[in-house]
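Heads up: the sequence shown at position 281 corresponds to 280 in numbering that gives the first Met the number 0, and the numbers run straight through without jumps. All C-beta atoms in this analysis are idealised placements derived from N, C-alpha and C, irrespective of residue type, glycine included. Scroll down for the structure; my scribbles are underneath it.
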Amino acid sequence: MTLQMSSSISSSSSRRPIWHPRSKSVVVLAAAYSWAAKGVSRSMETMTFPGSDADFDAEISQIEKKVDITEEESQWLEIMAQGWTSKNVTGFMREDMYLNSLHKQDPPVPIVLSCDLPLGWEAGTGKLALFYKGQGVAILNDVEVFEHRKEERIARTFGLVHPEYPYIKTWIEPAHNSLCGGDLSVAPRAVSPQQSDGLDEFRLAPTQIRAQLEGHDAVFVFQLRNPIHNGHALLMKDTHRQLLAKGFKKPLLWINPLGGWTKDDDVPLLTRMLQHQKLLKNKVFGDELKVLLSIFPSPMLYAGPREVQWHALSRQNVGATHYIVGRDPAGMKHPGTNDDSYSAWHGQKMLKMNPLFQMTIVPFQFASYDKTVGEMRFFDPKRKDDFISISGTKMRALARAGETPPKGFMDEDGWQVLVDYYQSLTQQKTEL
Numbered sequence: 000m001t002l003q004m005s006s007s008i009s010s011s012s013s014r015r016p017i018w019h020p021r022s023k024s025v026v027v028l029a030a031a032y033s034w035a036a037k038g039v040s041r042s043m044e045t046m047t048f049p050g051s052d053a054d055f056d057a058e059i060s061q062i063e064k065k066v067d068i069t070e071e072e073s074q075w076l077e078i079m080a081q082g083w084t085s086k087n088v089t090g091f092m093r094e095d096m097y098l099n100s101l102h103k104q105d106p107p108v109p110i111v112l113s114c115d116l117p118l119g120w121e122a123g124t125g126k127l128a129l130f131y132k133g134q135g136v137a138i139l140n141d142v143e144v145f146e147h148r149k150e151e152r153i154a155r156t157f158g159l160v161h162p163e164y165p166y167i168k169t170w171i172e173p174a175h176n177s178l179c180g181g182d183l184s185v186a187p188r189a190v191s192p193q194q195s196d197g198l199d200e201f202r203l204a205p206t207q208i209r210a211q212l213e214g215h216d217a218v219f220v221f222q223l224r225n226p227i228h229n230g231h232a233l234l235m236k237d238t239h240r241q242l243l244a245k246g247f248k249k250p251l252l253w254i255n256p257l258g259g260w261t262k263d264d265d266v267p268l269l270t271r272m273l274q275h276q277k278l279l280k281n282k283v284f285g286d287e288l289k290v291l292l293s294i295f296p297s298p299m300l301y302a303g304p305r306e307v308q309w310h311a312l313s314r315q316n317v318g319a320t321h322y323i324v325g326r327d328p329a330g331m332k333h334p335g336t337n338d339d340s341y342s343a344w345h346g347q348k349m350l351k352m353n354p355l356f357q358m359t360i361v362p363f364q365f366a367s368y369d370k371t372v373g374e375m376r377f378f379d380p381k382r383k384d385d386f387i388s389i390s391g392t393k394m395r396a397l398a399r400a401g402e403t404p405p406k407g408f409m410d411e412d413g414w415q416v417l418v419d420y421y422q423s424l425t426q427q428k429t430e431l
């Protein structure tokens with residue numbers, strides 16, 4: 000990832016801020032507190048079943064029709080129950096909200112539940128018992144069943160139709176031909192489900208995050224699904240410097256890696272979190288900057304400009320004031336052509352044009368590896384031969400081979416976490 004950083008953060012706030020075509024990464028300054036036209040999110044108490052897990056089990060046992068939900072649907076359930084969405088999202092989408100999402104991108108991405116029920120089932124008054132891995136997790140009330148037109152959903156969500164696109168192949172194509180929308184009542188145990196990976200201390204719900212944001216006059220959030228290298232750290236430290244220069248007294252960096260489903264060749268959450276923790280321990284972000292590290296439980300769609308709006312709005316809904324977004328956010332290579340599936344700059348442009356935002360976009364200068372000093376620096380075109388670009392592909396190849404990147408590219412302990420992961424994959428293949 001190539002980064003850019005400007006020399007100053009503008010104090011202006013407008014819906015359509017100035018954008019520079021050479022910009023690679025931006026900070027979005029959100030003037031509105033949260034999902035402006037819709038208000039703040041529902042609290043987890045609003046969607047949580049009013050009673051104990053035992054009370055919930057007694058209630059759900061009375062419901063005749065049961066639906067087993069997928070891993071992806073369980074992650075959306077957690078997202079909604081915790082309060083990452085706007086207050087008008089009361090459960091899996093009914094058809095009107097679904098169409099609004101598809102055609103108007105409000106909400107930005109469809110949050111739906113597939114089912115094998117007939118259209119018009121129970122005339123919108125029925126209840127469904129939702130189970131995940133054999134355990135009751137939620138009750139869906141006043142259920143509306145409508146047609147799941149998969150090709151239309153795919154085309155409008157992704158702007159492309161390809162059977163090998165990971166989210167399409169894994170979750171949409173195998174889904175049922177009906178969708179079930181309704182209001183959720185979620186089991187207390189399913190709001191923030193415990194997992195066995197040792198990362199539960201980082202699984203903070205929005206109410207918990209807001210408590211940690213109190214007292215900070217600026218919160219800049221970094222959404223990511225990749226390891227952090229020193230170019231990212233440079234970006235974050237310089238953003239902190241600029242905020243202080245603007246008069247903010249207590250800025251907070253909120254590192255919020257995506258923790259839901261990702262495609263098979265992405266670095267898994269556990270490895271990424273171990274790498275991030277090494278960086279924090281080694282003070283890669285400096286001594287003065289306070290950092291909050293927490294997991295964002297959303298699945299990854301790889302839906303480009305549409306998805307980046309979801310990523311930004313959900314964090315703004317929690318209380319972030321500044322949002323860092325890079326080149327080709329939420330994109331990936333097209334499985335048919337190996338070209339970028341989306342324009343590198345459309346994610347930034349769509350954030351500018353979104354009517355739910357009032358924001359200023361700040362362009363960045365390139366950050367690349369400066370051979371003369373052995374570290375990541377902002378690119379100087381007058382001495383361009385002194386800089387080299389280390390792509391994600393090259394970084395992964397070095398890690399697989401157990402080799403070391405140029406000193407100063409990434410924290411050494413953080414790099415070793417990646418080497419250990421990729422070499423474990425090689426060992427597994429050898430044993431097979």
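In this structure, THR156 keeps its C-beta atom at 8 Å or more from the C-beta atom of PRO226. A contact is defined here as three or more CB-CB pairs under 8 Å, and the segment 265-280 meets this definition with respect to the segment 404-422. For GLY407, the closest alpha carbon among the candidates TYR368, TRP83, GLN211 is that of TYR368.
Pairing VAL218 with HIS321 gives a Cβ-Cβ distance under 8 Å. By the criterion of at least three beta-carbon pairs nearer than 8 Å, the segment 207-223 is not in contact with the segment 175-182.
Positions of the alpha helix (DSSP H) runs, each at least 4 residues long and wholly inside the segment 356-412, are given as 391-399 in order along the chain. Excluding its 5 nearest sequence neighbours in each direction, HIS333 has C-beta neighbours in its own chain below 6 Å: SER340, listed in chain order. Going by beta carbons, TRP260 and GLU72 fall outside the 8 Å limit. Taking one beta carbon from each stretch, the segment 292-309 and the segment 343-353 have 3 or more pairs nearer than 8 Å; the two touch. Exclusion of the five residues before and after ASN140 leaves LYS126, GLY181, ASP182, SER184 as the residues of its chain whose Cβ lies within less than 7 Å of its Cβ. Assignment of THR270 by DSSP, reduced to helix, strand and coil, places it in the helix class. Spatial neighbours of MET299 in its own chain (CB-CB distance under 7 Å, excluding positions within 5 residues in sequence) are listed in chain order as ARG224, LEU257, GLY259, TRP260, THR261.
Bounds of the alpha helix (DSSP H) holding PRO205 are 205-212. Taking C-beta separations shorter than 6 Å and ignoring five residues to either side along the sequence, the partners of LEU118 in its chain run VAL144, following chain order. Around the beta carbon of GLY303, a 10 Å sphere encloses 16 or more other beta carbons of the protein chains shown; the residue is thus reported as buried. When GLY82, PRO380, ALA319 are compared, the shortest CA-CA separation from GLY214 is found for ALA319. Ranking ASP384, GLN426, PHE386 by CA distance to the CA of GLY401 puts GLN426 first. In the displayed model, PRO250 falls within a strand according to three-state DSSP.
The segment 110-191 is shown to contain whole beta strand (DSSP E) runs of 3 or more residues at 125-131, 134-146, 177-185, in chain order.
Within 10 angstroms of the beta-carbon of LEU424 lie fewer than 16 other beta-carbons, which makes it exposed. The three-state reading of DSSP puts ILE59 in helix, counting H, G and I together. Per DSSP, reduced to three states, the secondary structure at HIS333 is coil, with no helix or strand assignment. When the Cα atoms are used, ASP105 and LYS381 turn out to be separated by approximately 45 Å. Taking one beta carbon from each stretch, the segment 185-200 and the segment 78-91 have 3 or more pairs nearer than 8 Å; the two touch.
In this structure, the beta-carbon distance from ALA366 to LEU242 does not fall below 8 Å. Counting only residues of its own chain and dropping the five nearest sequence neighbours on each side, ASP199 has a CB closer than 7 Å to the CB of GLN193.
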